[in-house]
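Residue numbers (the numbering used here), protein chains in the order written: chain A, 2 to 113; chain B, 6 to 123.
Heads up, the beta-carbon is just placed ideally off N, CA and C, and yes, glycines get one too.
Note that the structure is predicted; figures quoted are calculated from it, not measured.
What follows is a single structure, written as structure tokens, with notes after it.
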Amino acid sequence: DSGVTQTPKHLITATGQRVTLRCSPRSGDLSVYWYQQSLDQGLQFLIQYYNGEERAKGNILERFSAQQFPDLHSELNLSSLELGDSALYFCASSGRQEYGYTFGSGTRLTVV
Amino acid sequence: AQKITQTQPGMFVQEKEAVTLDCTYDTSDQSYGLFWYKQPSSGEMIFLIYQGSYDEQNATEGRYSLNFQKARKSANLVISASQLGDSAMYFCAMREGLRGTGANNLFFGTGTRLTVIP
């Protein structure tokens, strides 16, 4: 157990639907990062939150949004899902150290 | 331009031999960090080793060492005495200079699939 908890582990949904992925960071970590790993795109950074505030944005589609709550857990919302959104979605957390990015086990999303 | 380049899509190594996985990076920052992660077939991302840009010594963690050549902007991973369990995808990643409070995101390479042959 890495200390970063992601739920659910697997998700199958239909095109056009909306899903929410959840992440609880490692205890004490203030930063949460979301990554998308697909076969043809590799690991793509989506968005970072630090202590409840958006800190950095990567290749995140407008159909996707995220937030970090006061208890520091984060949710990634994916809407109007397309077949191409099928991927492994990782959450990672980090503290104040320069290193120490810890990844969750990921949510495998399949859009059918 | 790609920030992290891994030019070896796949590598094979004999069990008990050493193998080097290549990684080059591109940044104009003076302060940055380099990481290697292992992703087995089960999918999780396992942190292996870290090298800071100001670290004078190459990082080592057990059978893993990082061959850091700053002038060449390379950060190759060396795995000694390969084991069957080392078969996995390996990703090189970089964090650029700290901007503001908190750590910044990692940029990943496309990965190298290592297969250890018995």
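Contact set between residue i and chain B, taken where Cβ atoms lie within less than 9 Å
| i | result |
| --- | --- |
| A:F70 | Going along chain B, no residue has its Cβ under 9 Å from A:F70, so there is no contact; the nearest lies around 17 Å. |
| A:G107 | G48, E49 and M50 |
Contact list for residue i against chain A, beta-carbon separation under 7 Å
| i | result |
| --- | --- |
| B:M50 | F91 and F104 |
| B:F113 | G43 and L44 |
Cross-chain neighbours of residue i in chain A, by beta carbon under 9 Å
| i | result |
| --- | --- |
| B:G116 | G43 and L44 |
| B:F17 | Under the 9 Å cutoff, chain A gives no residues; its nearest Cβ is about 21 Å from B:F17. |
Within 9 Å, strictly: CB atoms of residue i and residue j
| i | j | result |
| --- | --- | --- |
| A:F104 | B:M50 | yes |
| A:T21 | A:N60 | no |
| A:R27 | A:S94 | yes |
| A:A88 | A:R64 | no |
| B:Y42 | B:Y95 | yes |
| A:Q38 | A:G85 | no |
| B:F52 | A:Y90 | no |
| A:Y51 | A:Q69 | yes |
| B:Q56 | B:A93 | no |
| B:L119 | B:F40 | no |
| A:I48 | A:V112 | no |
| B:G114 | A:G43 | yes |
| A:P71 | A:G96 | no |
Nearest-angstrom beta carbon gap, residue j and residue i [assumed within contact, 8 Å]
| i | j | result |
| --- | --- | --- |
| B:S36 | B:Y59 | 7 Å |
| A:Y34 | B:N63 | No, A:Y34 and B:N63 are not in contact; Cβ-Cβ is about 27 Å, not under 8 Å. |
| B:I127 | B:Q19 | Residue 127 of chain B lies beyond the range of chain B shown here (6 to 123); nothing can be said about it. |
| B:G15 | B:T117 | 7 Å |
| A:Q7 | A:R23 | 7 Å |
| A:V5 | A:S25 | 7 Å |
For the stretch 80 to 92 of chain B against the stretch 14 to 26 of chain B, are there 3 or more C-beta pairs whose distance is under 8 Å? Counting C-beta pairs closer than 8 Å gives three or more between the stretch 80 to 92 of chain B and the stretch 14 to 26 of chain B, which meets the contact rule.
Residues, ordered as in the chain, of the stretch 62 to 96 of chain B that lie near chain A by beta-carbon distance below 8 Å: Cβ contacts with chain A: F96.
Three-pair Cβ contact test at 8 Å for the stretch 7 to 17 of chain B versus the stretch 63 to 78 of chain B: Not touching, per the Cβ criterion.
Report yes or no: do three or more beta-carbon pairs, one from the stretch 71 to 90 of chain A and one from the stretch 14 to 31 of chain A, lie closer than 8 Å? Of all C-beta pairs linking the stretch 71 to 90 of chain A to the stretch 14 to 31 of chain A, three or more are shorter than 8 Å, placing the two stretches in contact.
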